[in-house]
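To keep things clear, I will list the structure first and then write my remarks on it.
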Amino acid sequence: MKITLVKKILADGSPCKKCGDVLNKLEQSGQMVRIDQVLVADERDETSEGMVLAKQYSVDRAPFFIVENEGQEPVIYTVYMKFVKEVLDQKTEETDELKEIMADNQDLDFL
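So, in structure tokens, the structure goes:
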């Protein structure tokens, strides 16, 4: 299994806040050792590796993870908690997953 993390640099050159939060969580939990490569999607450079991958996989948010298993299509994760649960086999709380989804999708509301 190969795991790629794509983080974003904003058009003004500043780092994506959520990307930094996810990197901190990965480092604090010791999960960063499971990440094979970290690429940058630089909004100032459409040819940056991360921007090319975002376009290739039709991803419009960062950070995102590309999980590749030999002989299978890559799987893209844009929700950190879902990635942790399904790929890293770590227990997560449903409320944490929902909070992350809601924060990423301001147009959603609870029913």
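Numbering (my numbering) for the sequence shown: 2 to 112.
Where is the CB? At the ideal position from N, CA and C, for every residue including glycine.
When burial is assigned at 16 or more other CB atoms within 10 Å of the CB, is residue i buried or exposed?
{"i": "GLY21", "result": "exposed"}
{"i": "THR48", "result": "exposed"}
{"i": "VAL34", "result": "exposed"}
{"i": "LYS56", "result": "exposed"}
Could you tell me the distance, in whole angstroms, from the CA atom of residue i to the CA atom of residue j?
{"i": "LYS19", "j": "LYS3", "result": "22 Å"}
{"i": "ASN25", "j": "GLU50", "result": "22 Å"}
{"i": "GLU87", "j": "LEU11", "result": "28 Å"}
{"i": "GLU28", "j": "ARG62", "result": "21 Å"}
{"i": "ASP90", "j": "GLN32", "result": "11 Å"}
{"i": "TYR81", "j": "CYS17", "result": "15 Å"}
{"i": "LYS9", "j": "GLU69", "result": "20 Å"}
{"i": "GLN38", "j": "MET52", "result": "15 Å"}
Go through its chain and collect everything with a Cβ distance to residue i's Cβ below 8 Å, but skip five positions before and after it.
{"i": "GLY14", "result": "ARG45"}
{"i": "VAL41", "result": "VAL7, LYS8, LYS9, ILE10, SER49, GLU50, GLY51"}
{"i": "VAL60", "result": "VAL7, LEU54, ILE77, THR79"}
Assign residue i to one of three DSSP states: helix, strand, or coil.
{"i": "GLN29", "result": "helix"}
{"i": "ASP43", "result": "strand"}
Under 8 Å by Cβ, that's how I've got residue i and residue j pegged, so tell me the actual separation to the nearest angstrom.
{"i": "PRO75", "j": "LEU6", "result": "The pair is not a contact, with the Cβ atoms about 13 Å apart (cut-off 8 Å)."}
Ordered along the chain, which non-local residues of its own chain (more than five positions away) have a Cβ less than 6 Å from that of residue i?
{"i": "TYR58", "result": "ILE77"}
Using a Cβ-Cβ cutoff of less than 7 Å, which residues in the same chain neighbour residue i once the five nearest sequence positions on both sides are dropped?
{"i": "ILE36", "result": "ILE4, LEU6, LEU27"}
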